[in-house]
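Let me begin by presenting the structure, written as structure tokens, before commenting on it.
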Amino acid sequence: MPSIAEQAAALQERTVAVRRDLHRHPEIAFEEHRTMGVVARRLRELGLEPRVGVGRTGVVALLDTGRPGPTVLARADIDALPVPEEKQVDYRSTVAGKMHACGHDGHTAVLLSVAEVLVSRRAQLAGRVLFVFQPAEEIVRGARAMLDDGALEGLTVDHVLGLHLSSSEPVGTVSVAEGPVMAATDSFRLLVRGRGGHAAYPHLCVDPIVAAAQLVTALQTLVSRETDPLDRSVVTITSVHAGTAYNIIPEEVELKGTLRTFDAGTRQRLRARLLEVAELTTRSLGCGLAHEWFEGTPAVVNDAAATERFRRVARELLGPENVREMTPIMGGDDMALWLEQAKGCYFFVGTRGGEETAFAHHHPRFDIDEAGLEVAVALFAAGVVDLLQAD
Ligand SMILES: [Zn+2]
Ligand SMILES: [Zn+2]
């Protein structure tokens, strides 16, 4: 039996071909119909019986070794972004305005190859592996949709494992950390209501623009003065809309923004305080306030023991010097919801090879050094195999 690293190498050509095929045909959140077909066909070729259309455009497949052991959930997200691709490569997007700009084409191809590795080793394994191909990560709704649609029906999951490719880390490395590694993401809309009128007669109006301006400033102290500097969090106002002319005080101002936190308690507290400060600030200036709160995902939290287990596997495969300590990031990912089902680990595999593969995720020139895919397959497969062995 070849080693997992040798198997990943032997599969590399196929992994790259699948990734490029998906890259040419990007599909955004809940539109991943073709992608779902590609995934299901390959899983069937491997002798698995995929369930398609789970959470609209998701796929799950169970590899059951028939021997008692843990159940490991292995997750990949499959959606693209509404970003027009600016790269000139032969595998560039063929769909105007859409692109795999986050590397989820790579995630999908990697997990399919991982499935192939594990199926080929079935006779040596015990327990079960649930492969989860999740849609709509970029709008953080796919995991919820799959869970609500019974993705885990009849299963008790013991471990969860997943990866994200990373253009900020070099090929040949993996970054991981225990605890919260990605932020909880919530967003909100505030409507400051005044009384409009002529700009020359402000005393006859209630100016919502002045109230909104004070509100934006007031919100800056929630993090800077009320939150422990070591408890990373962000309040950002991202959109301000009001008014039509030089000489009119408008009726209302619309503000939009996002709250990012790592700690669940801080998340609740900042939400409450944000709304309270908004209410009091606008009321002190005679305005009314309406709000909408859009609850996003919780923080992505890696279990300490699961992370240590994964580190051991990674050190063995890549050498200790290539297993890096990850710095938590303020971005969110609905991997968080899978990690709420069972303890697990989300790790970041380097795909930066040179200048061309160093663009940030979501950039129109984002690309991956495909050598990183082979590393990802080996790490992911070896991580699952390790978790299938009794603790
Ligand atoms: Zn993304
Ligand atoms: Zn992503």
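The working numbering puts the last residue of the sequence shown at 383; the count rises by one with no breaks.
Glycine included, C-beta positions come from ideal geometry on N, C-alpha and C.
Remember, predicted model here, so these are calculated numbers, not experimental data.
So, helix, strand or coil for Val344, using DSSP?
-> In the sequence on display, residue 344 carries Arg and not Val. Arg344: strand per DSSP, three-state reduction.
Inter-stretch contact (C-beta, 8 Å, three-pair minimum) for the segment 55 to 74 and the segment 145 to 163 = yes
Span separating the alpha-carbon of Phe302 from that of Lys248 | 39 Å
Count the other CB atoms, across all protein chains shown, that sit within 10 Å of the CB of Val81; report buried if there are 16 or more and exposed otherwise.
-> exposed
Stretch pair the segment 361 to 377 + the segment 179 to 188: three plus CB contacts closer than 8 Å = no
Hey, quick one: how far does the alpha helix (DSSP H) through Ile360 stretch, first residue to last?
-> Looking at the DSSP string, Ile360 is not in any alpha helix (DSSP H), and its letter there is neither H nor E.
So which of Leu155, Ala2, Glu268 and Val52 has the shortest CA-CA distance to Leu281?
-> Glu268
Which partner residues of Asp56 appear in the DSSP bridge assignment?
-> Arg120
Go to Glu284, then tell me how far its alpha helix (DSSP H) extends in each direction, as first and last residue.
-> Careful: Glu284 lies outside any alpha helix (DSSP H), inside the beta strand (DSSP E) at Gly280 to Phe286.
Within 10 angstroms of its Cβ, does Phe286 collect 16 or more other Cβ (buried), or is it exposed?
-> exposed
Residue closest to Pro76, alpha-carbon to alpha-carbon, out of Ala374, Ala382 and His354 = His354
Going straight from the alpha carbon of Asp223 to that of Thr100, what length do you get?
-> 34 Å
Using a Cβ cut-off of 8 Å (strictly closer), state whether Arg181 contacts chain D.
-> Protein chain content of the structure displayed is limited to a single chain, and chain D is not contained in it.
Cα-Cα, which of Glu348, Gln(-1) and Leu331 is closest to Met174?
-> Leu331
Where does Met318 sit, in a helix, a strand or coil, going by DSSP?
-> coil
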